[in-house]
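Using UniProt numbering, read the sequence shown as starting at 1 and increasing by one per residue.
No residue lacks a Cβ here, since even glycine has one placed at the ideal position from N, Cα and C.
Read through the structure below, which is laid out as structure tokens, and then see the notes.
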Amino acid sequence: MNYRVGNIPPTIKQHYRLFHGTMNFKFSMREFEKLIPQLDKSIITVTAYVGERYLNLIEEGYSQAMVFSSRIKLEFLGSSPQIFKPGMPYKVYVAVFYQDGSALPPERLIKKKIEVTPTVEFRNGGSRRLNTRSEKMSSLNPGIWEIDIDLQAEFPSKETLRDIKMMTLESYYRDEVTSESARAQLRVYAAYSSTNRFLQVTTSTRTPKVGEYIIFHV
Numbered sequence: 001m002n003y004r005v006g007n008i009p010p011t012i013k014q015h016y017r018l019f020h021g022t023m024n025f026k027f028s029m030r031e032f033e034k035l036i037p038q039l040d041k042s043i044i045t046v047t048a049y050v051g052e053r054y055l056n057l058i059e060e061g062y063s064q065a066m067v068f069s070s071r072i073k074l075e076f077l078g079s080s081p082q083i084f085k086p087g088m089p090y091k092v093y094v095a096v097f098y099q100d101g102s103a104l105p106p107e108r109l110i111k112k113k114i115e116v117t118p119t120v121e122f123r124n125g126g127s128r129r130l131n132t133r134s135e136k137m138s139s140l141n142p143g144i145w146e147i148d149i150d151l152q153a154e155f156p157s158k159e160t161l162r163d164i165k166m167m168t169l170e171s172y173y174r175d176e177v178t179s180e181s182a183r184a185q186l187r188v189y190a191a192y193s194s195t196n197r198f199l200q201v202t203t204s205t206r207t208p209k210v211g212e213y214i215i216f217h218v
């Protein structure tokens, strides 16, 4: 393990007097928890010593594994912070998974929604918290939510849109099976243009393929 008491790491030993070719062994997590109360992100090293009685040879081998919490994690995909163009639709993706990056079982994701609350900050120092929205999970990518935000629908005035400095997105997910919950936050800054002119190119083609047409929207 990567946790030490002084210079000596805590250890658990098992001895087997005789085996034929292979040996199955196991350690319970309860045994490890007695040595280290907080196991999350701990590294466990398993070392095996095998002796040959006739030639008096001893071979050694080891393997390592990292322990992750079984709790869920919510995260915005892509870089952080991100950039958006005021007055144009903005799309962002949120994913839920275990702490080690593995996917949740499909039965825990059926009909699941996440709540997203945008907060807009203006260059003049003011801010406005928009209504919380519930988003459905992507049917093509289980565990991922696609969120579309159109600030032009929230702020019809062009002057107000130009005054937007940044936007903070707060997402919330609750697993009704285990009662676990997770939160994530993303800051999105408004792009700058001296002429207040922007160009945005998007595509509605979900699964592009080589040799086939792709649709772009300008």
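From the DSSP output, in three-state form, read off residue i for me.
i, result
"Pro105", "coil"
"residue 237", "The displayed coordinates of the chain run from 1 to 218. Any statement about residue 237 would go beyond what the structure contains."
"Glu212", "coil"
"Thr205", "coil"
"Leu169", "strand"
"Tyr16", "coil"
"Arg162", "helix"
"Phe68", "coil"
"Tyr3", "With a pLDDT of 46 at Tyr3, under the threshold of 50, the predicted position of this residue should be treated as unreliable, though the coordinate-derived value follows. Tyr3 falls in the coil class under three-state DSSP."
"Thr11", "coil"
"Lys111", "coil"
"Arg123", "coil"
"Glu33", "helix"
"Met88", "coil"
"Phe76", "strand"
"Val96", "strand"
"Leu57", "strand"
"Gln82", "strand"
Cα separation between residue i and residue j?
i, j, result
"Glu60", "Ile36", "25 Å"
"Leu186", "Thr117", "11 Å"
"Val218", "Thr160", "23 Å"
"Tyr3", "Thr22", "Because the pLDDT at Tyr3 is just 46, under 50, the model does not fix this residue reliably, and the point stays unresolved."
"Arg129", "Gln64", "47 Å"
"Phe76", "Asn131", "19 Å"
"Lys111", "Ile72", "17 Å"
"Asn56", "Thr47", "19 Å"
"Tyr16", "Phe27", "14 Å"
"Thr205", "Gln152", "24 Å"
Are the Cβ atoms of residue i and residue j separated by less than 8 Å?
i, j, result
"Lys91", "Asp40", "no"
"Glu31", "Ile44", "no"
"Val188", "Gln82", "yes"
"residue 246", "Ile164", "In the structure as shown, the chain begins at 1 and stops at 218. Residue 246 is therefore absent and cannot be evaluated."
"Ser134", "Lys113", "yes"
"Gln200", "Met66", "no"
Could you say which of the options lies nearest to residue i if we only look at CA atoms?
i, options, result
"Tyr98", "Gly87, Leu74, Ile110, Ile83", "Leu74"
"Asp150", "Lys85, Pro208, Asp163, Glu212", "Lys85"
"Tyr62", "Val50, Arg71, Thr160", "Val50"
"Thr119", "Glu154, Trp145, Lys113", "Glu154"
"Ser69", "Glu33, Leu140, Thr132, Pro9", "Glu33"
"Arg183", "Val177, Ser171, Phe122, Lys165", "Ser171"
"Asp175", "Glu115, Lys158, Ser139", "Glu115"
"Glu107", "Ser157, Val177, Thr202", "Val177"
"Gly124", "Tyr173, Ser181, Phe19, Met166", "For the record, residue 124 in the displayed sequence is Asn; it is not Gly. Minimum Cα distance to Asn124 is reached at Met166."
"Ser80", "Pro89, Tyr93, Met88, Ile72", "Tyr93"
"Leu169", "Glu121, Pro156, Leu140", "Glu121"
"Phe19", "Ser28, Met29, Glu52, Phe27", "Glu52"
Apart from the five residues on each side of it in sequence, which residues of its chain come closer than 8 Å, Cβ to Cβ, to residue i?
i, result
"Gly143", "Ala95, Val96, Phe97, Ala103, Leu104, Leu109, Met137"
"Met1", "Because the pLDDT at Met1 is just 43, under 50, the model does not fix this residue reliably, and the point stays unresolved."
"Ile58", "Tyr49, Val50, Gly51, Glu52"
Enumerate in chain order the residues of its own chain whose CB-to-CB distance from residue i is below 7 Å, with the five nearest sequence positions on each side excluded.
i, result
"Arg162", "Pro86, Asn196"
"residue 220", "Since the displayed the chain opens at 1 and closes at 218, residue 220 lies outside it and no answer follows."
"Ser127", "Thr119, Val120, Glu121"
Whose C-beta lies closer than 6 Å to the C-beta of residue i among residues of the same chain, with five residues either side of it excluded?
i, result
"Thr207", "none"
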